[in-house]
Amino acid sequence: MFGLHYNLERSAIGLVVFIVIVASIGGLIEIAPLFSIDETVEEAPDMRVYTPLEVAGRNIYIREGCYACHSQMIRTLRDEVERYGPYSLAVESSYDHPMLWGSKRTGPDLARVGNKYSDDWQTLHLNNPRDVVPESKMPAYRWLLRNSLRTDDLGEHLTALRTVGVPYSDEQIVNASLDAFGQANPDTPEGDGVFERYGDATNVRTFDGVPERLTEMDALVAYLQILGNLTNAAHQPNQAEAE
Ligand code: HEC
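Counting from 1, one number per residue, gives the positions in the sequence shown under UniProt numbering.
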């Protein structure tokens, strides 16, 4: 062993060759899984993109640092699956730029929190968690109900997402600001437009309980309610044993 090292150091070329071999082992381990990425990422033909209102909510989630206490990734461990639902699939994060898997759980995982609570509950909870969960340690986000949502730049956000591979159509980008308004205002022509562009399964309703105004609360609740519901892939039969 030490004799090999001694001899190697005396041969410059031998040492270089050996270093290249050893260093490339780490590289191969990192690169090899990418060769099978097509088989690793499941197919999900029913997967839809985030609506402009949900994108705005996601941006607020990032701005407020929710990811510092909440993960969005259910691991393949029995206790996680029993608590949170089917484990997360790679395809479910394909439109997440940046991904928000997180690495810390001060609060619970949120990957499947969509539809777990009512919009009212989410609004009350974000406004002051202690109103619904007396022992909660989560901070209160009171300004979300006060702040009007900025929508004029949403088209640009969708364009940026399209640059990194999210398949937004020109029509979706042009109508982004209108669709954000429409998703929180059912029974309006703008609301109908959201169904046309994002499918019938989209949630169109007043999320924060105040119909006239579009607030940051509307956006964040719309985003939370779609978590885990962009595709049904994780609930397919081959995942049945995990449920
Ligand atoms: C300091 C850590 C912390 C931060 C930051 C934080 N949370 Fe929480 N969150 C918690 C804790 C602890 C709980 C569990 C108690 C409760 O329900 O309030 C929780 C619970 C939740 C729940 C209920 C989950 C469930 O399945 O019951 C949701 C939804 C939620 N948080 C969303 C958010 C959002 C959105 C943000 C950012 C605006 C955020 N949290 C920021 C700690 C945090």
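We put the CB at the ideal spot given by N, CA and C, even for glycine. Only a predicted model underlies this, so the values are computations on that prediction, with no experimental measurement involved.
Can residue i be considered in contact with the ligand HEC, in the sense that its beta carbon sits closer than 8 Å to one or more heavy atoms?
i: Pro-86; result: no
i: Thr-215; result: no
i: Pro-211; result: no
i: Met-138; result: yes
i: Val-133; result: yes
i: Ile-129; result: Before going further, note that residue 129 is Pro rather than Ile in the sequence given. Under cutoff, so the answer is yes.
i: Pro-108; result: yes
i: Glu-64; result: yes
i: Tyr-50; result: no
i: Tyr-117; result: yes
Please classify residue i as buried or exposed, where buried requires at least 16 neighbouring CB atoms within 10 angstroms.
i: Glu-241; result: Residue placement at Glu-241 cannot be trusted, given a pLDDT of 49 that sits under 50; the coordinates are not used to answer.
i: Gly-57; result: buried
i: Asp-170; result: exposed
i: Ile-13; result: exposed
i: Ala-176; result: buried
i: Ser-88; result: buried
i: Glu-243; result: Caution is warranted here: a pLDDT of 45 is assigned to Glu-243, below 50, making its placement in the model unreliable, and the coordinate value is therefore given only provisionally. Burial call: exposed.
Where does residue i sit, in a helix, a strand or coil, going by DSSP?
i: Thr-215; result: strand
i: Ser-24; result: helix
i: Ser-148; result: strand
i: Cys-69; result: coil
i: Asn-59; result: helix
i: Gly-114; result: coil
i: Pro-129; result: helix
i: Tyr-141; result: coil
message: Please give the ranges of any alpha helix (DSSP H) in the region 163 to 223, keeping only runs that are unbroken, at least 4 residues long and fully inside the region.
response: The DSSP assignment places 170 to 174, 176 to 183 and 189 to 198 as complete runs of the alpha helix (DSSP H) inside the region 163 to 223, in order along the chain (cut-off: 4 residues).
- request: With a floor of 4 residues, list each alpha helix (DSSP H) that falls wholly inside the region 79 to 110, ordered by position along the chain.
  value: Counting only runs of 4 or more, we get nothing.
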